[in-house]
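Presented below is the structure to which this report refers.
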Amino acid sequence: MDALINVTNLGKRYDGFHLEDIGLAVEAGTVVGLIGSNGAGKTTTIKMLLGILQPDEGEGEVLGCSIGKGMFLEGSIKERIGVVLDTCVFPETSKVKDVATLGRFAYRNWDAKRFGALCERFELAPKKNVKELSRGMGMKLMLAFALSHDPELLVLDEATAGL
1 MDALINVTNL
11 GKRYDGFHLE
21 DIGLAVEAGT
31 VVGLIGSNGA
41 GKTTTIKMLL
51 GILQPDEGEG
61 EVLGCSIGKG
71 MFLEGSIKER
81 IGVVLDTCVF
91 PETSKVKDVA
101 TLGRFAYRNW
111 DAKRFGALCE
121 RFELAPKKNV
131 KELSRGMGMK
141 LMLAFALSHD
151 PELLVLDEAT
161 AGL
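Structure follows, in structure tokens:
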């Protein structure tokens, strides 16, 4: 079986910090955790895998799409990934129920019923503004969003923070 993620020698340089020689292979159906102290490069690694940051060195593939210096993940690949970052990314003035509209525009296979069911399960009030959510409830909203388009790859960055 092909790896969902397969990278070698990924690296990123910042002033005073150098992340280097990251190698990772993730097969379908597996759970992988990145463990390290604060500032070790876990979030930087995730952002390189998602195409949010460009690596300065190394190469690999995410869902069959090449990544490396000067390469970006195609939209059709990003559509196959569910992501929960360490902070809620939805507009603060949006209501929980409005986030479903964003999903319809972001993902061709968006499942509004699933999103609604997950919001109910997570006790997210549909008429509540995103800015009124606690950090934990914001994470639950992001998780509901990430799971509502049947992603092939689910990436969680400190998704349990605040829960």
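Numbering follows this note's numbering, in which position 61 of the sequence shown is assigned residue number 61; successive positions increment by one, without gaps. Every residue gets a Cβ at the ideal spot worked out from N, C-alpha and C, and that includes glycine.
- Here DSSP, grouped into helix, strand and coil, assigns cysteine 65 to strand.
- Per DSSP, the continuous alpha helix (DSSP H) segment holding phenylalanine 105 begins and ends at 99-106.
- Relative to histidine 18, the option among Leu50, Val26, Phe145, Pro55 whose CA is nearest is Pro55.
- If you check the CB distance, leucine 154 and leucine 141 do not come in under 8 Å.
- According to DSSP, isoleucine 5 shares a beta bridge with Val26, Val62.
- Taking a cut-off of 8 Å on C-beta distances, the segment 120-127 does not touch the segment 4-22, as fewer than three cross pairs fall below it.
- The segment 72-84 and the segment 97-104 do not touch, with fewer than 3 CB-CB distances between them shorter than 8 Å.
- Relative to the Cα of threonine 93, the nearest Cα in the group Ser148, Lys127, Ile67 belongs to Lys127.
- Considered as a whole, the segment 90-150 harbours 99-106, 112-121, 135-147 as its complete alpha helix (DSSP H) runs of no fewer than 4 residues, in chain order.
- Glycine 36 and cysteine 88 have their C-alpha atoms roughly 22 Å apart.
- Between glutamate 79 and arginine 108, the CB-CB gap stays under 8 Å.
- Boundaries of the beta strand (DSSP E) harbouring leucine 153: 153-156, taken from the DSSP string.
- Here glutamate 74 is near cysteine 65, since their CB atoms are less than 8 Å apart.
- Where glycine 82 is concerned, the enclosing beta strand (DSSP E) starts and stops at 81-84.
- Residue environment: valine 32 is assigned as exposed (fewer than 16 neighbouring CB atoms within 10 Å of its CB, all protein chains considered).
- Counting only unbroken stretches of 3 or more residues, no beta strand (DSSP E) element lies wholly within the segment 36-61.
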